[in-house]
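Undergrad: First residue of the sequence shown: 190, per my numbering; consecutive thereafter.
We put the beta carbon where it would ideally sit given N, CA and C, even for glycine.
The structure displayed is predicted, hence computed values, not measured ones.
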Amino acid sequence: MNLVSSNMKETNTYELTVAVEKEAFQAAISKVFKKQSKNINVPGFRKGKAPRNIIEKMYGEDVFYDDAMQECYPEALDAASKEAELKIVAVTNVEVEKVDADGFTFKATCIVEPEVEIKDYKGIEITKKSTEVTDELINEEIDRVRERNSRMVTVEDRAAQIGDVTVIDFEGFVDGVAFEGGKAENFNLELGSGNFIPGFEEQIVGHNTDEEFSINVTFPEEYHSEELKGKESEFKIKLHEIKMKELPEVDDEFVKDVSDKDTLDEYKAEIKENIAKRLENEAEKDIDDQLVEQLLEKVEGEIPEAMFENEVNTMLREMDMRLRSQGMDMNTYLQYTGMNPESVKEMYLPEAQKRVKMRLALEKIAKVENIVPSEDDINTEYSRLAEGYQMEVDKVKEALPVDAISQDLAVEMAMKLVKDSAKIK
Numbered sequence: 190m191n192l193v194s195s196n197m198k199e200t201n202t203y204e205l206t207v208a209v210e211k212e213a214f215q216a217a218i219s220k221v222f223k224k225q226s227k228n229i230n231v232p233g234f235r236k237g238k239a240p241r242n243i244i245e246k247m248y249g250e251d252v253f254y255d256d257a258m259q260e261c262y263p264e265a266l267d268a269a270s271k272e273a274e275l276k277i278v279a280v281t282n283v284e285v286e287k288v289d290a291d292g293f294t295f296k297a298t299c300i301v302e303p304e305v306e307i308k309d310y311k312g313i314e315i316t317k318k319s320t321e322v323t324d325e326l327i328n329e330e331i332d333r334v335r336e337r338n339s340r341m342v343t344v345e346d347r348a349a350q351i352g353d354v355t356v357i358d359f360e361g362f363v364d365g366v367a368f369e370g371g372k373a374e375n376f377n378l379e380l381g382s383g384n385f386i387p388g389f390e391e392q393i394v395g396h397n398t399d400e401e402f403s404i405n406v407t408f409p410e411e412y413h414s415e416e417l418k419g420k421e422s423e424f425k426i427k428l429h430e431i432k433m434k435e436l437p438e439v440d441d442e443f444v445k446d447v448s449d450k451d452t453l454d455e456y457k458a459e460i461k462e463n464i465a466k467r468l469e470n471e472a473e474k475d476i477d478d479q480l481v482e483q484l485l486e487k488v489e490g491e492i493p494e495a496m497f498e499n500e501v502n503t504m505l506r507e508m509d510m511r512l513r514s515q516g517m518d519m520n521t522y523l524q525y526t527g528m529n530p531e532s533v534k535e536m537y538l539p540e541a542q543k544r545v546k547m548r549l550a551l552e553k554i555a556k557v558e559n560i561v562p563s564e565d566d567i568n569t570e571y572s573r574l575a576e577g578y579q580m581e582v583d584k585v586k587e588a589l590p591v592d593a594i595s596q597d598l599a600v601e602m603a604m605k606l607v608k609d610s611a612k613i614k
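(1) Here's a check: name, in chain order, each residue in its chain whose Cβ is nearer than 6 Å to the Cβ of Glu-423, leaving out the five neighbours to either side.
(2) Restricting to Cα atoms, I'd like to know which of Glu-304, Ser-382, Val-283 and Val-231 is closest to Thr-294.
(3) What distance in whole Å lies between the Cβ atoms of Val-533 and Met-496, which are believed to be in contact at a cut-off of 8 Å?
(4) If we require 4 or more residues per run, which alpha helix (DSSP H) segments fall completely within the region 306-351?
(5) Whole angstroms is fine: what's the gap from Val-394's alpha carbon to Lys-317's?
(6) Which residue marks the beginning of the alpha helix (DSSP H) containing Met-496, and which one marks its end?
(7) If you drop the 5 nearest sequence neighbours on each side, which residues of the same chain put their C-beta closer than 6 Å to that of Met-602?
(8) Once DSSP output is grouped into helix, strand and coil, what is the label at Asp-255?
(9) Give the single residue among Gln-524, Glu-498, Gly-516 and Leu-417 whose Cα lies nearest to the Cα of Gln-542.
(10) Give every residue of the same chain whose Cβ lies closer than 8 Å to the Cβ of Lys-418, excluding the five residues on either side of it in the sequence, and list them in chain order.
(11) Would you mind working out which of Glu-325, Phe-234, Glu-204 and Gly-371 sits nearest Ile-464, comparing C-alpha positions?
(12) Where do the ends of the alpha helix (DSSP H) carrying Ile-244 lie?
(13) Quick test of the definition: if touching needs 3 or more C-beta pairs under 8 Å, does the region 522-536 touch the region 565-582?
(14) Straight-line CA distance for Ser-194 to Gly-292?
(15) Assuming Glu-330 and Ile-431 are in contact, meaning their beta carbons sit under 8 Å apart, how far apart are those beta carbons, in whole angstroms?
(16) Does the region 305-323 touch the region 342-355, meaning 3 or more C-beta pairs lie closer than 8 Å?
(17) Relative to the alpha-carbon of Leu-337, which residue among Glu-435, Glu-306, Glu-401 and Met-580 has its alpha-carbon at the smallest distance?
(18) With C-beta atoms as the reference, is Phe-385 less than 8 Å away from Ile-357?
(19) So the alpha helix (DSSP H) Tyr-522 belongs to, where does it begin and stop?
(20) Restricting to Cα atoms, I'd like to know which of Pro-303, Val-322, Lys-276 and Glu-250 is closest to Val-288.
(21) CB Val-278 to CB Ala-297, shorter than 8 Å?
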């Protein structure tokens, strides 16, 4: 198999002429014959037992040519693209020029990975988010823990106020007539939650336990029920109970209940340490995000749409695998969400565009900076992957070619170079 010619037809589009020699073509024909002969009936022979020369004489010498060419195409095109130093991202057309027992020649029109340019990727100015752990942040975390450990207690010595949970009976009327769905008993309503129509919860404020009263509200124009949109209504209310959230006191006993610490000072020190780690992680991620955004702006080149489509399809396959691991599949997901395959692709397209552009940018930086992972780097990565997949290293090496691992590592090292050289304020 060899490259006969490589001609650029337009930006990122090449026409490759590839020749497959007799030895490779005949080997492919033999392979196809073994697969198909068992299904071929030839008079005078048991099914599947007719020799190849008899079948070719009966059906024609070229009987296995088409399937044999299909067998040869992938390897032949891959070899030709490497010889031409092109990375094919899509094949738009394949045309056979010549075929006989001595081999065949074909032309393939291919969309290839573009050669992008990127400048000024060193010394990018970045602003790092503050990682200072303030008393306010510590107290906010303690308040969240208090909320999780709160309890509801009945209030008997005051009227209802915002933040309370009230237990009420209610019935709604429009023009003096009760309407469907407007009645409930012993309903728990948190005042200020906004769960009811505007004005309802606020008018319960100030009333006391066992009090019966009426309130007047107007249904919003965008209300879901056509019969009630914009209508004025009266609700008769019976207030059975007022409950408030009681938060635990912040003291050593509270600390012992919610942690493995003994004192409030120890607990605050632990919270401070955890917040510091979280803020540092968030700041580092934000730095990475800023670097990505600036690198994307610096990429110059015409990127074929096929690359974005390929990345979207990869993301969809990843999504389908995640769904299947959760006992669902893509079709079920689409039914639940009311989406269709095209709308899901549109949803993923912006992220796919970012991924492709970023990969091209980092590959270019790795090339310019002559970044080449060492053998130790590659072996370390194989070991890491083997541990993550819980597989033997040799099995991982069989599944993932060295070239792919090396390229991924080069991209990671290029990103590290950009980050290490950044000017972080």
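TA: Here's the rundown:
(1) Phe-362, Ser-403 and Asn-405.
(2) Of the candidates Glu-304, Ser-382, Val-283 and Val-231, the one whose C-alpha sits nearest the C-alpha of Thr-294 is Val-283.
(3) That pair is no contact at about 19 Å.
(4) 324-337
(5) 46 Å
(6) 494-514
(7) Ile-560
(8) helix
(9) Glu-498
(10) Within the same chain, Lys-418 has close Cβ partners Phe-408, Pro-409, Glu-410, Glu-411 and Tyr-412.
(11) Glu-325
(12) Note, Ile-244: alpha helix (DSSP H), 241-248.
(13) no
(14) 17 Å
(15) Contact doesn't hold; Cβ gap of about 30 Å is too wide.
(16) By the criterion of at least three beta-carbon pairs nearer than 8 Å, the region 342-355 is not in contact with the region 305-323.
(17) Checking the sequence, you will find Arg at residue 337 rather than Leu. Nearest of Glu-435, Glu-306, Glu-401 and Met-580 to Arg-337, Cα basis: Glu-435.
(18) The answer is no: Cβ separation not under 8 Å.
(19) Residues 519-526.
(20) Among Pro-303, Val-322, Lys-276 and Glu-250, the Cα nearest to that of Val-288 belongs to Glu-250.
(21) no
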